[in-house]
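Comments concern the structure below.
Residue numbers (my numbering), protein chains in the order written: chain C, 1 to 305; chain D, 1001 to 1370.
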């Protein structure tokens, strides 16, 4: 039972770590429909200024705060610049995919040239302190990431559903043309989505900096998980938050009774099954309601018969 | 007029420079060597370190008027298929005689192609026991882990009295073969393996595997992983409360692992080749040059790559570029002065180096039987 609890908590925390990045990626994708494959690389690249600032100013509150601000600014500026000067000029899906993959490689290589290929870690003993909750042992960092993830997920939900600006963003996600017609400035919404998504990505990068350390190519893993969860979310950020946790928990709990070797396969099989089932259900629902919306002439013909 | 004068002066200087270079290279033999390592991707740091080591060797060979070694690099990104493409390019385009490469899956993939293309592969970091006696075209310049696995098992069971152990290994050719060999040696020594877990290449979070190992409650945990996954494993094992003694191999010495593990590295023991910069002037000079170039001390694998490049250069100077002759020269050296120590090979082309026990104290390895 202890193992079950430990795996459950470890999975939840792993899901929360991925979830922060997944929310950022999903926010950008759902709003702009741009497959921003450079997301992982940019998130990691943005964490490097944080590392440099903290190394230069020390790991006290001021140095850390300035480091975080530097990372957020770097992520937001790079992402908005990519959106405005690269993706918008390409105007269709495949060229954007190609360009973002290319940008991802360029960013990785630039980091390797500028920062070197070696692993960079920021060590905060207070964050690495172990807290024991029953049989479960967690670092303060993990507890913080989990709480932070819940706060971010709830804040995004409240923002989208309870504020005017959020409703504008939601409208841009659902139907950008209609949103434009009713006066929503969709271009600003897209820019805002890039800024917020990039900031969440940068936070993930900073967590990695303290957790496992940063390497130039580490962003790909971040992107891969964020992308999978975004697909599972099917346009809903609330679903993205839930799937992030489920992703981590299912992956971890699989190991309770089965070999961890197959945990990735099991999770992906489950997710693909869900997508197929969900799609079949949607089609079934669509076919069920279609007869009601038949053209009037057909209805008349039925009546005459 | 002024512009023409400048152009003439520039052209004259350039001609003098070219002429000077030609004179400088006169009498110096040339050789072509390929290097296939991971220069990008998640393990890019490993390959970049090796690149520094090979470049230092190349420069020294030229400075000492031994040989003008032309080195061509290919990036395998930890994937055997990319290594094969790189190998073909190095042979067809650059006509290299010898290819320096690493990683067990890569060496296993290259061996048959090397035999077919009649080119020598010098392995400086693949340690899977499966690499022993592949064919005449592969030289193992890295100590294969059947020896250290066996010695580690003996040390754990006989000397430390640790009767139960769990193994965490990377799920690739290297990890599975090394883990299998260690398990057999451990059982033969009288120990019991209570759990074996594996993780994919490039894993960042190994807590799931480690939690299962924790539940099996072993006296010892043996980590046979990649860099820096070994470091992550140690940090996360201690974080989730594994109190078992942790053991590992040569790779744990890598500075990337030490960085990733942080303070948790203290107390980790194992078997490794030993690189001591104070042991010889060659070792000291290399350590100094490497630290200046890479900004960190050399890992054992950097030292082995450096020694390999120097040895290949020397062989080419003595016997020319014929891969067969280079191979024969290398395997016949006796007490060749490498930075790692005195180098010898057995008749099958496997390096013979003594292993030492180590334990990390204050973030640094302390060798208990140097």
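Each residue gets a CB set at the ideal place from its N, CA and C atoms; glycine is no exception.
1. What did DSSP end up calling residue 1137 of chain D once you bin it into helix, strand or coil?
2. Taking residue 7 of chain C as the query, report the chain D residues whose CB atoms sit under 9 Å from its CB, ordered along the chain.
3. Identify which residue in D:1190, D:1129, D:1197, D:1207 has its Cα closest to the Cα of residue 1160 of chain D.
4. Going by the beta-carbon positions, is the gap between residue 1305 of chain D and residue 1036 of chain D smaller than 8 Å?
5. Could you check if residue 1318 of chain D is buried or exposed, using at least 16 other CB atoms within 10 Å of its CB as the buried criterion?
6. For residue 1343 of chain D versus residue 1303 of chain D, is the C-beta spacing smaller than 8 Å?
7. Taking only the alpha-carbon atoms, compute the straight-line gap between residue 224 of chain C and residue 262 of chain C and give it to the nearest angstrom.
8. By DSSP, does residue 36 of chain C sit in helix, in strand, or in coil?
9. Shortest alpha-carbon distance to residue 1080 of chain D belongs to which of D:1106, D:1102, D:1056?
10. Opposite residue 1366 of chain D in the DSSP bridges: which residues?
11. Are the region 1126 to 1135 of chain D and the region 1189 to 1208 of chain D touching, with three or more C-beta to C-beta distances below 8 Å?
12. Could you tell me the distance, in whole angstroms, from the CA atom of residue 1128 of chain D to the CA atom of residue 1147 of chain D?
13. Unbroken alpha helix (DSSP H) runs of length 4 or more, entirely within the region 1143 to 1209 of chain D: which are they?
14. Thinking C-alpha only, which one of C:2, C:277, C:269, C:9 is nearest residue 145 of chain C?
15. Excluding sequence positions up to five away, which residues of its chain have a Cβ less than 7 Å from the Cβ of residue 96 of chain C?
16. Report back the beta-carbon spacing between residue 244 of chain C and residue 22 of chain C to the nearest angstrom; my notes put them in contact at under 8 Å.
17. Residues in its own chain within less than 7 Å of residue 1040 of chain D by CB, not counting five upstream and five downstream?
18. Of the residues that make up the region 1230 to 1250 of chain D, which ones have a beta carbon closer than 7 Å to any beta carbon in chain E?
19. Going along chain D, which residues have a C-beta under 9 Å from residue 3 of chain C?
20. Give the DSSP-derived three-state secondary structure of residue 1233 of chain D in the structure shown.
21. Between residue 131 of chain C and the rest of its own chain, which residues show a CB-CB distance below 8 Å, the 5 nearest in sequence each way excluded?
22. I need the straight-line Cα distance from residue 1225 of chain D to residue 82 of chain C, nearest angstrom please.
23. Closest by CA to residue 1308 of chain D, which one among D:1139, D:1241, D:1248?
24. Please identify the residue among C:266, C:269, C:229 whose C-alpha is closest to the C-alpha of residue 25 of chain C.
25. Quick one: Cα of residue 1333 of chain D to Cα of residue 1345 of chain D, how far?
26. If you reduce the DSSP assignment to three classes, tell me which class residue 216 of chain C lands in.
27. Using beta carbons (cut-off 8 Å, strictly below), is residue 216 of chain C in contact with chain D?
Reading off the structure:
1. Against the second chain, residue 1137 of chain D aligns to sequence position 137. The answer is coil: DSSP assigns residue 1137 of chain D none of H, G, I, E or B.
2. Residue 7 of chain C sits at position 7 when you count from the first residue of the first chain. 1207, 1208, 1211, 1212, listed in chain order.
3. On the second chain, position 160 is the one that residue 1160 of chain D refers to. Residue 1160 of chain D has its Cα closest to that of D:1190, out of D:1190, D:1129, D:1197, D:1207.
4. Sequence index remark: in the second chain, residue 1305 of chain D carries index 305 (1-based). Sequence index remark: in the second chain, residue 1036 of chain D carries index 36 (1-based). Inclusion of residue 1305 of chain D and residue 1036 of chain D in the CB contact set at 8 Å is not warranted, their separation being larger than that value.
5. Indexing the second chain from 1 puts residue 1318 of chain D at position 318. Under the 10 Å beta carbon count, residue 1318 of chain D is surrounded by fewer than 16 other beta carbons and is classified as exposed.
6. On the second chain, position 343 is the one that residue 1343 of chain D refers to. On the second chain, position 303 is the one that residue 1303 of chain D refers to. No, the Cβ-Cβ distance between residue 1343 of chain D and residue 1303 of chain D is not below 8 Å.
7. If you number the first chain from 1, residue 224 of chain C lands on position 224. If you number the first chain from 1, residue 262 of chain C lands on position 262. Roughly 18 Å between the two C-alpha positions.
8. Translated into the one-based positions of the first chain, residue 36 of chain C becomes position 36. Three-state result, residue 36 of chain C: coil.
9. Numbered from its first residue, the second chain carries residue 1080 of chain D at position 80. Ranking the options by Cα distance to residue 1080 of chain D, first place goes to D:1106.
10. As a position in the second chain, residue 1366 of chain D is number 366, starting the count at 1. In the DSSP output, where bridge partners are listed per residue, residue 1366 of chain D has D:1359.
11. Per the Cβ contact rule, the region 1126 to 1135 of chain D is not in contact with the region 1189 to 1208 of chain D (fewer than 3 Cβ pairs under 8 Å).
12. Reading the second chain from its first residue, position 128 is the one you call residue 1128 of chain D. Reading the second chain from its first residue, position 147 is the one you call residue 1147 of chain D. For residue 1128 of chain D and residue 1147 of chain D, the distance between alpha carbons rounds to 10 Å.
13. Taken in chain order, the unbroken stretches of alpha helix (DSSP H) that lie wholly in the region 1143 to 1209 of chain D and span 4 residues or more are 1145 to 1154, 1173 to 1188.
14. For the purposes of this step, residue 145 of chain C is taken as residue 145 along the first chain, with counting starting at 1. Looking only at C:2, C:277, C:269, C:9, the smallest Cα-Cα distance to residue 145 of chain C is reached by C:9.
15. As a working mapping, residue 96 of chain C is identified with position 96 in the first chain. Once the five neighbours on either side are set aside, the close Cβ partners of residue 96 of chain C are 34, 35, 87, 90.
16. Along the first chain, read from residue 1 onward, the residue named residue 244 of chain C stands at position 244. Along the first chain, read from residue 1 onward, the residue named residue 22 of chain C stands at position 22. Yes, residue 244 of chain C and residue 22 of chain C are in contact; Cβ-Cβ is about 5 Å, under 8 Å.
17. Position 40 of the second chain, counted from the start, is the residue given in the question as residue 1040 of chain D. Closer than 7 Å at the Cβ level, and outside the excluded window around residue 1040 of chain D, lie 1075, 1077.
18. Among the protein chains of the structure shown, namely C and D, there is no chain E.
19. Your numbering for residue 3 of chain C matches position 3 in the first chain. Correct list: 1211, 1212, 1214, 1215.
20. The residue labelled residue 1233 of chain D in the question sits at position 233 within the second chain. In the three-state DSSP reduction, residue 1233 of chain D falls in the helix class (H, G or I).
21. Here residue 131 of chain C corresponds to residue number 131 of the first chain, with the count starting at 1. For residue 131 of chain C, the CB contacts under 8 Å within the same chain, skipping 5 residues up- and downstream, are 137, 138, 139, 140, 143 in chain order.
22. Taking the second chain and counting its residues from 1, one reaches residue 1225 of chain D at position 225. Taking the first chain and counting its residues from 1, one reaches residue 82 of chain C at position 82. The alpha-carbon of residue 1225 of chain D is positioned some 38 Å away from that of residue 82 of chain C.
23. The sequence position of residue 1308 of chain D within the second chain is 308, counting from 1. Comparing Cα-Cα distances from residue 1308 of chain D to each of D:1139, D:1241, D:1248, the minimum goes to D:1139.
24. Position 25 of the first chain, counted from the start, is the residue given in the question as residue 25 of chain C. Of the listed residues, the one whose Cα sits closest to residue 25 of chain C is C:229.
25. As a working mapping, residue 1333 of chain D is identified with position 333 in the second chain. As a working mapping, residue 1345 of chain D is identified with position 345 in the second chain. When only Cα atoms are considered, residue 1333 of chain D and residue 1345 of chain D end up about 7 Å apart.
26. The sequence position of residue 216 of chain C within the first chain is 216, counting from 1. Note: residue 216 of chain C maps to helix in three-state DSSP.
27. As a working note, residue 216 of chain C is residue 216 in the first chain. Yes, its Cβ sits closer than 8 Å to a Cβ of chain D.
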